[in-house]
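**Student:** Right, I'll just put the structure down here and ask away after.
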Amino acid sequence: MKEVYIAGDNIISSLGFTTTANMDALRSGQIGLNLVTDPTLFPSPLPLSLVDTGVLEEQFREVLTLRGKTDSPQSFTRLEKFFIISIHSALAPLPIVPEDTGTLFVLSTTKGNIELLEVRNKNQFDSRRVFLWEMAHVVRDFFGFAHPPLIVSNACISGIVALVVAFRYLRTGMYEHAVVSGGDILSEFVISGFQSFQSLSPTPCRPYDAGRDGLSLGEGAGTMVLTTDRRLLKGAPVRITGAATSNDANHISGPSRTGEELSLAMLEAMKEAALSPADIGFINAHGTATPFNDEMESKSIALAGLLDVPVNSLKGYWGHTLGAAGVIESVVAVHALEDQLLIRSAGFETPGVPHPIRVISETVEQPMNSCLKTASGFGGCNAAILFERTIP
Amino acid sequence: MKEVYIAGDNIISSLGFTTTANMDALRSGQIGLNLVTDPTLFPSPLPLSLVDTGVLEEQFREVLTLRGKTDSPQSFTRLEKFFIISIHSALAPLPIVPEDTGTLFVLSTTKGNIELLEVRNKNQFDSRRVFLWEMAHVVRDFFGFAHPPLIVSNACISGIVALVVAFRYLRTGMYEHAVVSGGDILSEFVISGFQSFQSLSPTPCRPYDAGRDGLSLGEGAGTMVLTTDRRLLKGAPVRITGAATSNDANHISGPSRTGEELSLAMLEAMKEAALSPADIGFINAHGTATPFNDEMESKSIALAGLLDVPVNSLKGYWGHTLGAAGVIESVVAVHALEDQLLIRSAGFETPGVPHPIRVISETVEQPMNSCLKTASGFGGCNAAILFERTIP
Amino acid sequence: MSQSITAYSQIRSSCIKVNGSIEYCDENFITFAEFIKPFFKHLNLGYPKFYKMDPLSKLGFIAAELVFRKINIALYDRNRVGIVLANASSSLDTDLAHQRTIDNRSQYFPSPSVFVYTLPNIMIGEICIRHQLKGENGFLISEKFDSLLLFNYVNELFQHHRVDACLTGWVDLLQERFEALLLFVEPTTKAPAEEPLKVSIPFSAEAMDTLYKIT
Amino acid sequence: MSQSITAYSQIRSSCIKVNGSIEYCDENFITFAEFIKPFFKHLNLGYPKFYKMDPLSKLGFIAAELVFRKINIALYDRNRVGIVLANASSSLDTDLAHQRTIDNRSQYFPSPSVFVYTLPNIMIGEICIRHQLKGENGFLISEKFDSLLLFNYVNELFQHHRVDACLTGWVDLLQERFEALLLFVEPTTKAPAEEPLKVSIPFSAEAMDTLYKIT
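Residue numbers (our numbering), protein chains in the order written: chain A, 48 to 439; chain B, 48 to 439; chain C, 346 to 560; chain D, 346 to 560.
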């Protein structure tokens, strides 16, 4: 089995278009969720985390120029622009090329170009563009990836599953490098759906807090480049050392009552990495701020014997970014490990989950070697992945 | 298949020692739940529905006399006294005798003489008396029932299951009459357990109300005498015409998320009785006033197509009486049918369940022919039984 | 219409049997927990919920698990598979555990995870959850194993067309004394070709007595 | 370590097959709903939840149901049975239904019971609930049936010892066009004596292609 290293990354969110911009914002406690009034998204004002459209267009034109492309920006959808800018940004400083047959391309999304179904967007693009494979092929063709994209669409855990499959394929040597990119945009489709569930909070969401009353939605994209070739990397790169998924087998839209199944995935990931609870530096959990999800996570953390481990959720900063969430939150987890930084779980004040999990209430530096990243979603799916520092 | 008629009954509760006393109290809207301060039950004051001990002892001595018994009242436990008074009261006006080999004796209880486990009650009785069969044998021996008691202990649906088994055994002719008695007392054991679940309301419980915040506990006993011999009965007796039980297969201490399984039992009972939703006069539901139970019941009622049918819960009057509940609430259902009375669901003001069930908010007379009685309990169990008027 | 017992499990003394064959024996145990844990691990079910159950539920769960290794439950309408169990001790073993948590006011710590098991039908719930059985259920109490009590109840379920199949039997446990006999009962005509691991014993109180005696 | 396909189901055109044998055919249908409803009733599962599912989940549910009639799932550690499915259309069939509920502001009625099915892996959830499978799960998208995509994913699960067995395959449905091929894959050495309804086909991308073509 080979070691799988993180070689590069990018985050596009309301907090910026680079990992650095996003990390700086998180470090300074900046919240990307703002009250948005946009009738094409939702009839009344709602706290959302939106990517700035002006900057997006500017950045995209720059990528077209840098890549020597003559395509019109109008021939790409908003989400395709997210993916292209994010992948370009992550790959730019690296000697890893998409055209290499050793490079795997994994794409994660839940709804792809779903806004093309809206009446107002009809006829702007070929109707095939709503198929996830067609959108992924547009991104593949842009960069000239040697292989067709491996597309994961597994609800809120899509981003983690995309990282997990890349980790496994690299580990056994099937590929040498992998570009894993996850993204989703905010649309009337998604907002109306969550609203019908009455699961949206009227204020920026508050994971694990006693007063939490639902989730906030966001959009964005993230990319993580993985490699087994350590010679390409400087310093002491972070590795992926374990991963697992599981299913609640209980309910399609509500979490497990016991948290056993998420704890199963956590324990399996730790077992694969040969780590014990005392080895885990912090948990970056899913933390959507719905009453039941956060309650279930606290049960899982207790069952996995991880009550002593600091926990945060990043949803309080940029909401739930769906297919992007697993990737962008993992990028933050990796950088937090590199920077030895426990990032405050925004929105948390008063403990409000059944088990006494150690929610991070202040951003502080702390020596640590590993992060357990988790996610859970509709369909009863759970995922866990372990990031570890390479001791120099 | 034979017809199974209700020949007689009794209720012992905080509202009185006869069916008439209880029906009069319900009719006038009297609530049996009172704030009780009794450190042998619970350290702080709690709304409970307790049977008056003075009247109990007086009534018991009277039954001893009437039955020509020379036993000391001290040789019977509180719960045994409940059962004996209740069965005596139900049988007294009837030509049905316990010693008859055609008479079945069914006893329902959840915890029996559980208070004998308490240190302060040790050595008052032989330790075997905590076994449910030993307690039932004491009651059997008192009346001289020809057959050993059939003892049901199936959590909160015990009373209905006891009626269901009697119904089935009478239907096929295995027995001619049945005496079905259910009872439970309040004890530190039960109160401490429900309190550990944080499921007790600090005020009298409010089934189906938006402000409901948990259940109230009560004690009592009820007896229903069944027969297939209509010649013994005057007028137009109420019959049992269908019954079914089911299991959620989901969680041992929380109700189904969908209500499908309770609706399965309701639909099966209606199918056996060959009744459609339009035939049902009212539903006497379980209605414990815990947020999840009442929510689940509303889903079941919607799934069974019974949203147009008036619904009540009697828990607001005398709390949850555990092994007695199914029997005493069925006795009320039968008398409400006879009296053509929709009894107000005490504690209900503002609708607070997901589906628009028709909770009865005023006690009114209304022509109707049948009542669907339901119950649900720990272990995921559900039960439904149908009472129908015999058209004269 | 007649019914047959098509699979059964027996746990008593120091042995566990399925369809009459010994699966496991251990003479060297003092507590039920010591006896059952190695066998549960041997089954390799990956069902961590098992460890949270009280001893009575563990006993019933294992006995049911063995029956369902001989029956392909996917071939049945699980809304119409019933469970009817009985015992002598109800949940008294766990009742004593709950009582200990409240006996002393200065060490008063009732736990919902103990209290929930102070009902014997929780065992039925655990088996239903495991195998997704949603049909009729009933828990009965008798001083001793009473074949006629169970036979009559289950027989009426079939006579009233309330079940297509039914798991029934005796599961009793109190302070390290334990015994279980579980039977899967279904109409005799049920096509056996797809399930060759089944046996076929006409369902009667006498047959139940025989199986109980040789448990 | 090598794996075998030990049970498989196929639904396409007008026929439903299990382990290669035709179970049901109906040429006279226009919609998928018309095609599948009589067969669901014929299976007599007593699973009313089925009626609430979206068409894609119904298709996957039935295909899985048929596989588990050949496999006794009680013999497996269900925490270690995975599900990996793929299709071309994701949940687009139901996405269109949800979009219709919000297209017109004056008739705006988004329903949570529709919206929840606008994710393709809900089908995995439905199958997991039915058979209590709690292991690895993944949903992949490809333009066409891609045997290598699924083979590699599932093969890695076995290589990394993440599963003891895995349900895998293709379940695609869009506007009345539908096809499903589901395979149960497990190590070749898994004792077959207790499960004689199984087949044994070496697990490979080629074998998957062959089964897909003759679906």
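Don't be surprised by glycine CBs; every beta carbon is placed ideally from N, CA and C.
By Cβ distance, which residues of its chain are closer than 6 Å to residue 383 of chain A, with the 5 residues on each side in sequence left out?
**Tutor:** Within the first sequence, residue 383 of chain A is the residue found at index 336, counting from 1. 390.
**Student:** Rounded to whole angstroms, what is the Cα-Cα separation between residue 89 of chain B and residue 248 of chain B?
**Tutor:** Position 42 of the second sequence holds residue 89 of chain B. Position 201 of the second sequence holds residue 248 of chain B. Taking the straight line joining both Cα atoms gives about 14 Å.
**Student:** Does any residue of chain B have a CB that is nearer than 8 Å to the CB of residue 298 of chain A?
**Tutor:** Here residue 298 of chain A corresponds to residue number 251 of the first sequence, with the count starting at 1. Yes, residue 298 of chain A counts as interfacial toward chain B.
**Student:** Taking Cβ-Cβ distances shorter than 7 Å, what residues in chain C pair up with residue 308 of chain B?
**Tutor:** If you number the second sequence from 1, residue 308 of chain B lands on position 261. Correct list: 479.
**Student:** If you measure from the beta carbon of residue 379 of chain C to each beta carbon in chain D, is any gap under 8 Å?
**Tutor:** Here residue 379 of chain C refers to the residue found at position 34 of the third sequence. No, its Cβ sits nowhere closer than 8 Å to a Cβ of chain D.
**Student:** Compare the C-beta of residue 457 of chain C against all C-beta atoms of chain A and say whether one is closer than 8 Å.
**Tutor:** Within the third sequence, numbered from 1, the residue matching residue 457 of chain C stands at position 112. No, its Cβ sits nowhere closer than 8 Å to a Cβ of chain A.
**Student:** Between the alpha carbons of residue 423 of chain A and residue 509 of chain C, how many angstroms are there, rounded?
**Tutor:** Taking the first sequence and counting its residues from 1, one reaches residue 423 of chain A at position 376. Taking the third sequence and counting its residues from 1, one reaches residue 509 of chain C at position 164. Cα to Cα, residue 423 of chain A sits roughly 38 Å from residue 509 of chain C.
**Student:** Below 8 Å on the Cβ atoms is my guess for residue 16 of chain A versus residue 210 of chain A; work out the distance and round it to an integer in Å.
**Tutor:** Because chain A here runs from 48 to 439, residue 16 of chain A falls outside it and cannot be looked at.
**Student:** So which residues of chain D does residue 373 of chain C contact, with C-beta pairs closer than 8 Å?
**Tutor:** For the purposes of this step, residue 373 of chain C is taken as residue 28 along the third sequence, with counting starting at 1. The premise fails here: residue 373 of chain C is roughly 27 Å from chain D at the closest Cβ pair, so nothing lies under 8 Å.
**Student:** How big is the Cα-Cα spacing for residue 431 of chain B and residue 290 of chain B?
**Tutor:** Taking the second sequence and counting its residues from 1, one reaches residue 431 of chain B at position 384. Taking the second sequence and counting its residues from 1, one reaches residue 290 of chain B at position 243. Spanning the two alpha carbons is a distance of roughly 6 Å.
**Student:** In this structure, how does DSSP classify residue 451 of chain C when only helix, strand and coil are distinguished?
**Tutor:** Looking up residue 451 of chain C in the third sequence gives position 106. Looking at residue 451 of chain C - three-state DSSP - the assignment turns out to be helix.
**Student:** Just the Cα atoms here: how many angstroms apart are residue 369 of chain B and residue 351 of chain C?
**Tutor:** By one-based count along the second sequence, residue 369 of chain B stands at place 322. By one-based count along the third sequence, residue 351 of chain C stands at place 6. Their Cα atoms are separated by approximately 36 Å.
**Student:** If I measure Cβ to Cβ from residue 413 of chain A and keep anything under 7 Å in the same chain, skipping five residues before and after, which residues do I get?
**Tutor:** Counted from its first residue, the first sequence places residue 413 of chain A at position 366. For residue 413 of chain A, where only same-chain residues beyond five positions count, the Cβ hits under 7 Å are 387, 389.
**Student:** Could you confirm whether any beta carbon from chain A is found closer than 8 Å to the beta carbon of residue 405 of chain B?
**Tutor:** Here residue 405 of chain B corresponds to residue number 358 of the second sequence, with the count starting at 1. It does not; no Cβ of chain A falls within 8 Å.
**Student:** Spell out the partners DSSP gives residue 357 of chain C in its beta bridges.
**Tutor:** The residue labelled residue 357 of chain C in the question sits at position 12 within the third sequence. Answer is C/360, bridged to residue 357 of chain C.
**Student:** Going by CA-CA distance only, name the one from D/500, D/552, D/461, D/540 that's closest to residue 454 of chain A.
**Tutor:** Nothing about residue 454 of chain A can be read from this structure; chain A reaches only from 48 to 439.
**Student:** Nearest-angstrom Cα distance between residue 408 of chain B and residue 438 of chain B?
**Tutor:** Mapped onto the second sequence, residue 408 of chain B falls at position 361. Mapped onto the second sequence, residue 438 of chain B falls at position 391. Going by the C-alpha atoms only, they are around 28 Å apart.
**Student:** Using the C-alpha atoms, what's the distance from residue 204 of chain B back to residue 486 of chain C?
**Tutor:** In the third sequence, residue 486 of chain C corresponds to position 141, counting from 1. In the second sequence, residue 204 of chain B corresponds to position 157, counting from 1. Taking the straight line joining both Cα atoms gives about 15 Å.
**Student:** Report the residue from C/415, C/395, C/553, C/416 whose alpha carbon sits nearest the alpha carbon of residue 406 of chain C.
**Tutor:** Here residue 406 of chain C corresponds to residue number 61 of the third sequence, with the count starting at 1. Out of C/415, C/395, C/553, C/416, C/395 has the C-alpha closest to the C-alpha of residue 406 of chain C.
**Student:** Between residue 413 of chain D and chain C, is any beta-carbon pair separated by less than 8 Å?
**Tutor:** If you number the fourth sequence from 1, residue 413 of chain D lands on position 68. True, the Cβ-Cβ gap to chain C drops below 8 Å.
**Student:** Taking 8 Å as the threshold, find out whether the stretch 349-368 of chain A comes into contact with the stretch 76-91 of chain A through three or more Cβ pairs.
**Tutor:** Yes, they touch.
**Student:** According to DSSP, residue 367 of chain A sits in a beta bridge with which residue or residues?
**Tutor:** Position 320 of the first sequence, counted from the first residue, corresponds to residue 367 of chain A. DSSP, once it has assigned bridges, lists A/264 as partnering residue 367 of chain A.
**Student:** Tell me the start and end of each unbroken alpha helix (DSSP H) in the stretch 198-228 of chain B that is at least 4 residues and wholly inside, in chain order.
**Tutor:** Segments of the alpha helix (DSSP H) lying fully in the stretch 198-228 of chain B: 205-218.
**Student:** Where do the N-terminal and C-terminal ends of the alpha helix (DSSP H) with residue 400 of chain C fall, by residue?
**Tutor:** Along the third sequence, read from residue 1 onward, the residue named residue 400 of chain C stands at position 55. First-last of the alpha helix (DSSP H) with residue 400 of chain C: 400-412.
**Student:** How long is the line joining the alpha carbons of residue 278 of chain B and residue 141 of chain B, rounded to whole angstroms?
**Tutor:** For this step, residue 278 of chain B is matched to residue 231 along the second sequence. For this step, residue 141 of chain B is matched to residue 94 along the second sequence. Cα to Cα, the separation comes out at about 12 Å.
**Student:** By the 10 Å Cβ neighbour count, where 16 or more other Cβ atoms means buried, how is residue 317 of chain B classified, buried or exposed?
**Tutor:** Position 270 of the second sequence, counted from the first residue, corresponds to residue 317 of chain B. Label assigned to residue 317 of chain B: buried.
**Student:** Curious, which full-length beta strand (DSSP E) runs of at least 3 residues does the stretch 444-530 of chain D contain?
**Tutor:** List check, beta strand (DSSP E) in window: 482-486, 510-519.
**Student:** Got a sec? Which residues, its chain only, sit under 6 Å from residue 523 of chain D by beta carbon, not counting five neighbours each side?
**Tutor:** To locate residue 523 of chain D, count along the fourth sequence from 1; it is residue 178. Around residue 523 of chain D: 377, 404.
**Student:** Write down the C-beta distance between residue 443 of chain C and residue 236 of chain B rounded to the nearest angstrom, noting that I regard them as a contact closer than 8 Å.
**Tutor:** Within the third sequence, numbered from 1, the residue matching residue 443 of chain C stands at position 98. Within the second sequence, numbered from 1, the residue matching residue 236 of chain B stands at position 189. 7 Å between Cβ atoms; contact.
**Student:** Which residues of chain B have a Cβ atom closer than 7 Å to the Cβ of residue 304 of chain A, listed in chain order?
**Tutor:** Indexing the first sequence from 1 puts residue 304 of chain A at position 257. By Cβ distance, chain B contributes 298, 301.
**Student:** Out of C/388, C/481, C/556, state which residue places its alpha-carbon closest to the alpha-carbon of residue 311 of chain B.
**Tutor:** Here residue 311 of chain B refers to the residue found at position 264 when the second sequence is read from its first residue. With distances taken between Cα atoms, residue 311 of chain B lies closest to C/481.
**Student:** Could you pull the DSSP bridge partners for residue 418 of chain B from this structure?
**Tutor:** To locate residue 418 of chain B, count along the second sequence from 1; it is residue 371. The partner list for residue 418 of chain B (beta bridge, DSSP) reads B/329, B/434.
**Student:** Rounded to whole angstroms, how far is the Cβ of residue 411 of chain D from the Cβ of residue 296 of chain A, which I believe are closer than 8 Å?
**Tutor:** Looking up residue 411 of chain D in the fourth sequence gives position 66. Looking up residue 296 of chain A in the first sequence gives position 249. Actually they do not touch by this definition, with Cβ atoms about 19 Å apart.
**Student:** Can a CB atom of chain C be found closer than 8 Å to the CB of residue 542 of chain D?
**Tutor:** For this step, residue 542 of chain D is matched to residue 197 along the fourth sequence. Interface residue, yes.
**Student:** Between A/376, A/303, A/101, A/190, which has its C-alpha nearest residue 147 of chain A's C-alpha?
**Tutor:** One-based indexing of the first sequence puts residue 147 of chain A at position 100. Ranking the options by Cα distance to residue 147 of chain A, first place goes to A/190.
**Student:** Whole angstroms are fine: how far does the CA of residue 53 of chain B sit from the CA of residue 464 of chain C?
**Tutor:** Here the question's residue 464 of chain C lines up with position 119 in the third sequence. Here the question's residue 53 of chain B lines up with position 6 in the second sequence. Straight-line Cα distance between these residues: approximately 29 Å.
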